[in-house]
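Novice: Please find one structure pasted underneath; my questions will follow.
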Amino acid sequence: MKRNIFKLSTRQLIDIAELLHKRVGEGLAEEDQEVQCIPTYVYPKTDRINGRALVLDLGGTNYRVGTVGFVDGKSVLHPENGWKMDLSRMKTPGFTREQLFRQQADPINEIKREQEMPIGYCFSYPAESLPDGDARLLRWTKGVDIPEMVGQPIGHPLLQYFNTLTEPKFTGIKVINDTVASLFAGLSHAGYDAYIGLIVGTGTNMATFIHSSQIGKLKGKELPDTLIPVNLESGNFYPPYLTAVDDTVDACSDNRGKQRFEKAVSGMYQGEILQTVFPFDEFEEQFDARKLTTLMGYPDIHKKKYVRVARWIYKRSAKLVAASLAGLILVLLEQNEHLHRICLVAEGSLFWSEDRHGKNYKEIVMQELHHLLKELGHPRIHIYVEQMENANLIGTAIAALS
1043 MKRNIFKLST RQLIDIAELL HKRVGEGLAE EDQEVQCIPT YVYPKTDRIN GRALVLDLGG
1103 TNYRVGTVGF VDGKSVLHPE NGWKMDLSRM KTPGFTREQL FRQQADPINE IKREQEMPIG
1163 YCFSYPAESL PDGDARLLRW TKGVDIPEMV GQPIGHPLLQ YFNTLTEPKF TGIKVINDTV
1223 ASLFAGLSHA GYDAYIGLIV GTGTNMATFI HSSQIGKLKG KELPDTLIPV NLESGNFYPP
1283 YLTAVDDTVD ACSDNRGKQR FEKAVSGMYQ GEILQTVFPF DEFEEQFDAR KLTTLMGYPD
1343 IHKKKYVRVA RWIYKRSAKL VAASLAGLIL VLLEQNEHLH RICLVAEGSL FWSEDRHGKN
1403 YKEIVMQELH HLLKELGHPR IHIYVEQMEN ANLIGTAIAA LS
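For the sequence shown, the residue numbers in the numbering used here are 1043 to 1444.
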């Protein structure tokens, strides 16, 4: 491939931003839209947080467990960075809810607990938040398929399972999305006009706070007159200007027609895009974004055509993320026209990946985002990127203790 079919012009990126802006508006107005905009009925405390919670973090590949204690709002995680295990086996065909619960329970006994405590569960799959703090699974993504869990509550069955196996008991559970967890963690940094949680790793998604008056589909419900955390599920956004290669990746997936933005952006699919460009060549198994960036980092030992196309895919992913952020900022401007300072808590291995011979992913995103905001007539908006260690776990503990 000599022509860069993945290149996007500024005009095309603005079109993508404006379309996401429109899709978010639709998701806030009505249920079951392309960008679902799922309200989360957990209202985080921003000061005087005290107590201790068990935190669970189920991502696309890894599972982490730990306890987070707060004293006057300052957090301490034990063990340091959490107890981590590979749970990619949950992607195995035929994997069951019982197997998942058993795997999730295994590390609990390794963590010293001397008192009852609540559970915060960071669940990185599309789920509808329930008024009691639980959530109902809408669908699986990232290659996982456990049919008996779809449409069912996520938290309370797991809480009951844990309480049959462990002492002391757990007092309750709150389930939030990983982007919402990052969003909550950002609240520890005061002085911003708005906050965004962003994930660009195995999958991709965004979350932010939207005032209840701006969420039309919630009219008639008894809700506080306040900002509500909203999980966009933006990975399901279908942007224009995708390529025939993207269509092939989608056609070969187990969820055709879904998660089109995620399939163009996230780490799980970056390698598949490269392999689809070269369908008759042999690549390593599970050729993901980590291997893609390794290929870019050592061009002397890889075919030049692979390195060239890998850079195109990597750069397009970052620019698509920039366009999606610009689109979300247009939404935030509708509820606060004086918006100037935005805290972006960014998580995910792809977002923080490095290119040894070019601009790092974050640098491409932020440079393009500032350019797009200027083109959209908002040059004075400043986005401050916060990389918070263990943001998911801290934000999830805030949810559990709020």
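For glycine and all other residues, C-beta sits at the position ideal for the given N, C-alpha and C.
(1) Please confirm whether Gly1111 has its beta-carbon closer than 8 Å to some beta-carbon of chain B.
(2) Using only alpha-carbon positions, find the residue among Asn1151, Thr1103, Glu1431 that is nearest to Thr1009.
(3) I want to know whether the stretch 1223-1241 touches the stretch 1199-1215 - three or more CB-CB distances under 8 Å.
(4) In the DSSP assignment, find the unbroken beta strand (DSSP E) run with Gly1193 in it and report its ends.
(5) Residues in the same chain with beta-carbon distance under 7 Å from Pro1086, minus the five sequence neighbours each way, listed in chain order, please.
(6) On the criterion of 16 or more Cβ atoms from any shown chain inside 10 Å, does Ile1047 qualify as buried, or is it exposed?
(7) Return the first residue and the last residue of the beta strand (DSSP E) that His1231 is part of.
(8) Looking at the unbroken alpha helix (DSSP H) that takes in Asp1057, where does it start and where does it end?
(9) Please report the straight-line C-alpha distance between Ala1304 and Leu1100, rounded to a whole angstrom.
(10) Output the distance between the C-alpha atoms of His1413 and Met1159, rounded to the nearest integer angstrom.
(11) Given 8 Å as the limit, is there contact between the stretch 1343-1351 and the stretch 1389-1396, that is, 3 or more CB pairs closer than that?
(12) Kindly provide the ranges of any beta strand (DSSP E) runs that are 3 or more residues long and lie completely inside the stretch 1238-1291, ordered along the chain.
(13) I need the boundaries of the beta strand (DSSP E) containing Ile1425, first residue and last residue.
(14) Helix, strand or coil for His1458, going by three-state DSSP, please let me know.
(15) If I measure Cβ to Cβ from Pro1195 and keep anything under 6 Å in the same chain, skipping five residues before and after, which residues do I get?
(16) Which runs of the alpha helix (DSSP H) fall wholly inside the stretch 1294-1355 and span at least 4 residues, in chain order?
(17) With distances taken between CB atoms, is the gap from Ala1306 to Ser1366 smaller than 8 Å?
(18) Using 8 Å as the cut-off, can you tell me whether the stretch 1162-1173 makes contact with the stretch 1118-1135, which would need three or more C-beta pairs spanning the two stretches below that distance?
(19) Ser1254 to Thr1268, Cα distance in whole Å?
(20) Would you give the residue range spanned by the beta strand (DSSP E) that Leu1098 belongs to?
(21) Anyone know if the C-beta pair for Gly1400 and Arg1350 falls short of 8 Å?
(22) What separation, rounded to the nearest whole angstrom, lies between the Cα atoms of Glu1072 and Lys1259?
(23) For Ile1091, I'd like the list of residues in its chain whose CB is within less than 7 Å of its CB, leaving aside the five on either flank, ordered along the chain.
(24) Helix, strand or coil for Asp1220, going by three-state DSSP, please let me know.
(25) Do you know how far the Cα of Pro1421 is from the Cα of Asn1297?
(26) Beta carbon of Val1107, beta carbon of Leu1119: below 8 Å?
(27) Using 8 Å as the threshold, is the C-beta distance between Val1217 and Ala1249 below it?
Specialist: Taking the structure as given:
(1) The structure shown contains no chain B; it is built from a single protein chain.
(2) There is simply no residue 1009 to check, as the chain begins at 1043 and stops at 1444 in what is shown.
(3) no
(4) From DSSP, Gly1193 is part of no beta strand (DSSP E); its letter is neither H nor E.
(5) Phe1226, Leu1229, Ile1440, Ala1441, Ser1444
(6) exposed
(7) Taken as a continuous stretch (DSSP letters only), His1231 belongs to no beta strand (DSSP E), as it is neither H nor E.
(8) 1052-1071
(9) In the sequence on display, residue 1304 carries Glu and not Ala. Their backbone Cα atoms lie some 18 Å apart in a straight line.
(10) 47 Å
(11) no
(12) 1246-1253, 1269-1273
(13) 1424-1428
(14) This structure cannot settle anything about residue 1458, because the visible part of the chain is limited to 1043 through 1444.
(15) Asp1176, Arg1178
(16) 1302-1307, 1309-1319, 1331-1339
(17) no
(18) no
(19) 6 Å
(20) 1093-1100
(21) no
(22) 5 Å
(23) Phe1112, Gly1115, Ile1440, Leu1443
(24) helix
(25) 39 Å
(26) no
(27) no
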